[in-house]
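Below is one structure, written out as structure tokens; comments come after it.
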Amino acid sequence: MSRLLWQVRARLGYWLARRLFHWSWTLRQPRLWQWMQGQYGRMANLGDTPAQSFYGHILLFRGQGLGAREEGLRLLRLAASGGDGKAAYQLGVQALQGDTRQAPDGVQAVRWWEMALAAGHPLAARRLSQVYLDGAPGVTPDRALAEQHAALAQETQVSAG
Numbered sequence: 001m002s003r004l005l006w007q008v009r010a011r012l013g014y015w016l017a018r019r020l021f022h023w024s025w026t027l028r029q030p031r032l033w034q035w036m037q038g039q040y041g042r043m044a045n046l047g048d049t050p051a052q053s054f055y056g057h058i059l060l061f062r063g064q065g066l067g068a069r070e071e072g073l074r075l076l077r078l079a080a081s082g083g084d085g086k087a088a089y090q091l092g093v094q095a096l097q098g099d100t101r102q103a104p105d106g107v108q109a110v111r112w113w114e115m116a117l118a119a120g121h122p123l124a125a126r127r128l129s130q131v132y133l134d135g136a137p138g139v140t141p142d143r144a145l146a147e148q149h150a151a152l153a154q155e156t157q158v159s160a161g
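As structure tokens, then:
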């Protein structure tokens with residue numbers, strides 16, 4: 001199968017799987033759900049940033065086991081590097097939470113949230129303000145930075161509302 005035909009097939013399958021995702025009964029059909037995940041994975045592997053973000057979130061929150069979580073985080077890192085603000089924001093949340101294998105890392109969270117803020121994520125400035133106000137592992141409180149990000153959060157809230 002030619003590469004172009006493969007890409008067209010992948011895009012059509014992904015488009016259909018995304019439409020089916022909004023119908024709850026499709027998620028309860030094991031074979032259909034497995035096919036849908038295959039479409040998400042195929043599109044993510046083709047380097048599509050929105051697909052990487054979407055499937056990364058699915059694996060992170062709905063995946064079964066540590067392997068699915070790690071793959072979800074890997075896809076979110078790829079999407080964030082591609083400019084996806086939602087993926088960068090979620091990576092910041094995960095970094096600050098930590099897990100059984102990694103301690104909470106405020107410096108890493110700040111890095112991801114700054115990337116999310118640059119991509120226009122509406123909650124990133126609020127989280128940055130809070131982490132600079134309270135401090136976090138590796139991040140000392142800084143009132144000036146907290147106020148600066150609080151003003152940015154207020155500004156984005158006003159422009160969004």
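In the UniProt record's numbering, the protein residues as written are 1 to 161. Idealized CB from N, CA, C, for every residue including glycine.
- Annotated as distal: residue 99 and residue 138, with beta-carbon spacing of 8 Å or more.
- Ranking 22, 34, 39 by CA distance to the CA of residue 6 puts 39 first.
- The closest CA to that of residue 130, considering only 143, 56, 121, 4, is found on 143.
- Around the Cβ of residue 34, a 10 Å sphere holds fewer than 16 other Cβ atoms; the residue is exposed.
- Residue environment for residue 9: exposed (fewer than 16 other C-beta atoms within 10 angstroms of its C-beta).
- With 16 or more other Cβ atoms from the protein chains shown falling within 10 Å of its own Cβ, residue 113 counts as buried.
- In the DSSP assignment, residue 103 falls outside any alpha helix (DSSP H) and carries neither an H nor an E.
- By a beta-carbon distance limit of 8 Å, residue 44 does not contact residue 76. Their separation comes to about 10 Å.
- Secondary-structure assignment with DSSP links residue 139 through a beta bridge to 136.
- The Cβ atoms of residue 57 and residue 85 do not sit closer than 8 Å to each other.
- Contact between residue 36 and residue 20 holds, with the beta-carbon distance rounding to 6 Å and staying under 8 Å.
- Under the DSSP assignment, residue 29 falls outside any alpha helix (DSSP H); it carries neither an H nor an E label.
- The Cβ atoms of residue 14 and residue 68 lie no closer than 8 Å to each other.
- It is roughly 21 Å from the alpha-carbon of residue 28 to the alpha-carbon of residue 42.
- The DSSP-derived three-state label of residue 2 is coil.
- Each residue's CA atom was taken as its position, placing residue 126 and residue 136 some 15 Å apart.
- By the CB criterion at 8 Å, residue 132 and residue 145 fall inside the cutoff.
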